[in-house]
Amino acid sequence: MRAFYSDYVNHCLRFYARHSCPIFHSEADKKNWNACDSALKSFTDSDRDMLLSIYTEGDTLPDNVYQMAKSKGINQDTIWKLIGELERKVAKRRGII
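As structure tokens, this is what we get:
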């Protein structure tokens with residue numbers, strides 16, 4: 019089951035992954051971006067690169083996870099666990115949970 023904050027955090031992460039030097043239109047945008055930045059820094063370089071790649075791609079999250087798992091030869095569940103951990107960290111840093 020998805021967490022109540024998943025959609026919001028995924029929106030934040032897609033924005034973060036696609037805009038390395040954004041122009042913020044509100045304080046909320048800035049806080050969202052900083053929460054993503056802080057959370058991603060807690061992952062290894064390889065995990066961070068994989069997660070950013072998943073959120074950068076234009077397809078749906080499940081399709082991106084499938085493609086990444088296929089290309090890396092790993093189980094999708096491994097990636098979904100990383101995504102769940104990332105979502106929780108962003109939500110905590112953003113003050114949602």
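All residue numbers for the sequence shown refer to the numbering used here, where the first residue is 19 and numbers rise by one.
Every residue gets a Cβ at the ideal spot worked out from N, C-alpha and C, and that includes glycine.
Apart from sequence neighbours up to five positions away, the residues of its chain that approach Asp65 with a beta-carbon distance below 8 Å are Leu100, ordered along the chain.
Per DSSP, Ala109 is one residue of the alpha helix (DSSP H) stretching across Gln94 to Arg112. Straight through space, the alpha carbons of Tyr26 and Pro40 are spaced by roughly 18 Å. Counting only the Cα atoms, Phe42 lies some 20 Å from Ile114. For Ala46, the uninterrupted alpha helix (DSSP H) segment begins and ends at Glu45 to Leu58. Note on Lys48: under 16 other CB atoms within 10 angstroms of its CB, so exposed under the neighbour-count rule.
For Tyr34, the three-state secondary structure derived from DSSP is helix.
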